[in-house]
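Peer 1: In the working numbering, the protein residues as written are 19 to 325.
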Ligand code: NDP
Ligand code: OXD
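(1) Roughly how far, in whole angstroms, is the beta-carbon of residue 286 from the beta-carbon of residue 125, given that I think they are within contact range, below 8 Å?
(2) On a Cα-Cα basis, can you pick out the residue from 168, 191 and 131 that is closest to residue 155?
(3) Taking the alpha helix (DSSP H) that residue 88 falls in, what are its first and last residues?
(4) With three or more beta-carbon pairs closer than 8 Å as the criterion, would you say the region 142-157 touches the region 202-215?
(5) Any heavy atom of the ligand OXD inside 7 Å of the beta-carbon of residue 214?
(6) Using the rule of at least 16 other Cβ atoms within 10 Å of the residue's Cβ for burial, across every protein chain shown, is residue 238 buried or exposed?
(7) Quick one: which unbroken beta strand (DSSP E) runs of 3-plus residues sit fully inside the region 238-317? Chain order, please.
(8) What separation, rounded to the nearest whole angstrom, lies between the Cα atoms of residue 258 and residue 281?
(9) In chain order, what are the residue ranges of uninterrupted beta strand (DSSP E) at least 3 long that sit wholly in the region 77-139?
(10) Going residue by residue through the region 192-242, where are the continuous beta strand (DSSP E) segments of at least 3 residues, counting only ones entirely within it?
(11) Closest to residue 300 by CA distance: which of 54, 108 and 28 is it?
(12) Using DSSP's beta-bridge definition, name the partner residues of residue 60.
(13) Is residue 171 near the ligand OXD, with its Cβ less than 7 Å from a heavy atom?
(14) What I want to know is whether the C-beta of residue 85 ends up closer than 7 Å to one or more non-hydrogen atoms of the ligand OXD.
(15) Going straight from the alpha carbon of residue 88 to that of residue 77, what length do you get?
(16) Would you check whether the ligand OXD has a heavy atom nearer than 7 Å to the C-beta of residue 105?
(17) Could you tell me whether the Cβ atoms of residue 319 and residue 40 are closer together than 8 Å?
(18) Quick one: grab the DSSP three-state call for residue 154.
(19) Taking the alpha-carbon of residue 17 as reference, which of 143, 161, 188 and 178 has the nearest alpha-carbon?
(20) Helix, strand or coil for residue 170? Go by DSSP, reduced to three states.
(21) Take residue 91 as the anchor and find which of 115, 112 and 66 has the nearest alpha-carbon.
(22) Is residue 73 helix, strand or coil by DSSP?
(23) Classify residue 53 as helix, strand or coil using the three-state DSSP reduction.
(24) Just to confirm, does residue 325 get its C-beta within under 7 Å of one of the non-hydrogen atoms of the ligand NDP?
(25) May I ask whether a heavy atom of the ligand NDP can be found less than 7 Å away from the beta carbon of residue 89?
(26) Starting from residue 38, follow the alpha helix (DSSP H) in both directions and report where the run begins and ends.
(27) How big is the Cα-Cα spacing for residue 137 and residue 130?
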């Protein structure tokens, strides 16, 4: 039984060492040094080339090296026998909670604006923004943790998901028809959805037209959630008035992309919540042993739902 790390655009050596720290007896290969493909039954992936997982006849588990699995479902030729898993951990939830809360506070307190004033030598006190109503699109492992964090800081939080949620202090909306009601009064709309055929381009002009003037958009889900041209148009109308974006259709964001220099767009380079290699390794090895010993796997992805 052999585990393959298949992450063509990442350096995998840290992960290989972390896996060995958890279990020194593991047989690990790192793509492209795959050896005999028949040995491989567990593959850790990030952005593998479509179709390539069919080259492993004994493959039983495809493990995402991240919370998101859209990079796996991008492959139209996934081996049908394999189970898909992903990472779920408290560190990812904690980092995302701080990122979203920090972004909202930065905007409310105008901290980046004052930094820009400082650079221009301008003394210009302004009122703190008052809006405290947050709408979270996506109330999964990460979205729920963010909701609870924001509620504790005194924000008014509602959330939108497929199924209804019962979370203390949160107004829950669910299903397509409730999307408009969820975002209508929000000062901040935060996307923490997985990217699926149903959520692709969900941040489009139709949704923006339902926002209140001056609303702020935060996208930490995936770049594919956002219709980029629609955002540029909507920013002129002030709905939203500002966008904080951590994820992009093409990453790194191309040098000539209009978002780089847009005065109402603030960028971070997909760092809202970073996978901790040791925490990931512990989960991946645990699931590897679950597979080997015929036990149920943790954090299985629902293939029908695509997340
Ligand atoms: P989960 O799968 O746990 O949660 C997904 C949530 O989205 C659920 O609440 C689900 O509803 C909801 N949802 C899915 N499809 C729809 C739909 N069509 N309509 C309404 N609601 C829908 O995911 P996580 O919370 O673990 O992660 C969310 C995403 O965050 C990841 O997929 C990834 O893209 C992104 N991410 C970004 C990072 C970054 O650094 N920027 C880091 C980590 C993750 P229900 O609960 O009813 O099933
Ligand atoms: C993830 C991510 O999905 O890094 O974990 O975006």
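Beta carbons are placed, not taken as given, at the ideal position from N, Cα and C, and that holds for glycine.
Predicted, not measured: the structure shown is a model, and the values here were computed from it.
Peer 2: Working from what's here:
(1) Contact check for residue 286 and residue 125: beta-carbon distance about 13 Å, past the 8 Å limit, so the pair fails to qualify.
(2) 191
(3) 88-91
(4) yes
(5) With a threshold of 7 Å, the Cβ atom of residue 214 does not count as near the ligand OXD, since no heavy atom of the ligand is closer than that.
(6) buried
(7) 260-263 and 283-285
(8) 13 Å
(9) 79-82 and 101-103
(10) For the region 192-242, whole beta strand (DSSP E) runs of length 3 or above, ordered along the chain, are 206-209 and 234-237.
(11) 108
(12) 21 and 79
(13) no
(14) yes
(15) 19 Å
(16) In this structure, the C-beta of residue 105 approaches the ligand OXD to less than 7 Å from one of its heavy atoms.
(17) no
(18) strand
(19) Past the boundaries of the shown model lies residue 17; the chain is included only from 19 to 325, so the question cannot be answered.
(20) helix
(21) 66
(22) Reduced to three states, the DSSP call for residue 73 is helix.
(23) coil
(24) yes
(25) no
(26) 31-40
(27) 11 Å
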